[in-house]
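Colleague: Below is a structure I'd like to ask you about.
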């Protein structure tokens, strides 16, 4: 994948939810209540499928993402 994976988390277990999630462009979905093992499995699956970015896209090999500061109120 060349983009972030999108997994829906929903409490709605009706029949059309999975189809609606997939048709809207999501890569998968999980239903609540969620078991930790279920979440781990889903994350492992999508992390393995995600293309890693070349190290040259970062400022250095030890680059760490820092979120932007909060917006002023």
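Numbering (the working numbering), first residue to last: 5 to 77.
We put the beta carbon where it would ideally sit given N, CA and C, even for glycine.
#1: In three-state terms, what does DSSP make of residue 24?
#2: What distance in whole Å lies between the Cβ atoms of residue 33 and residue 22, which are believed to be in contact at a cut-off of 8 Å?
#3: Just verifying my parser: in three-state terms, what is the DSSP assignment at residue 12?
#4: Is the Cβ-Cβ distance between residue 25 and residue 46 less than 8 Å?
#5: The beta strand (DSSP E) with residue 32 in it runs from where to where?
Modeller: Walking through what the data contain:
#1: helix
#2: 6 Å
#3: strand
#4: no
#5: 32 to 35
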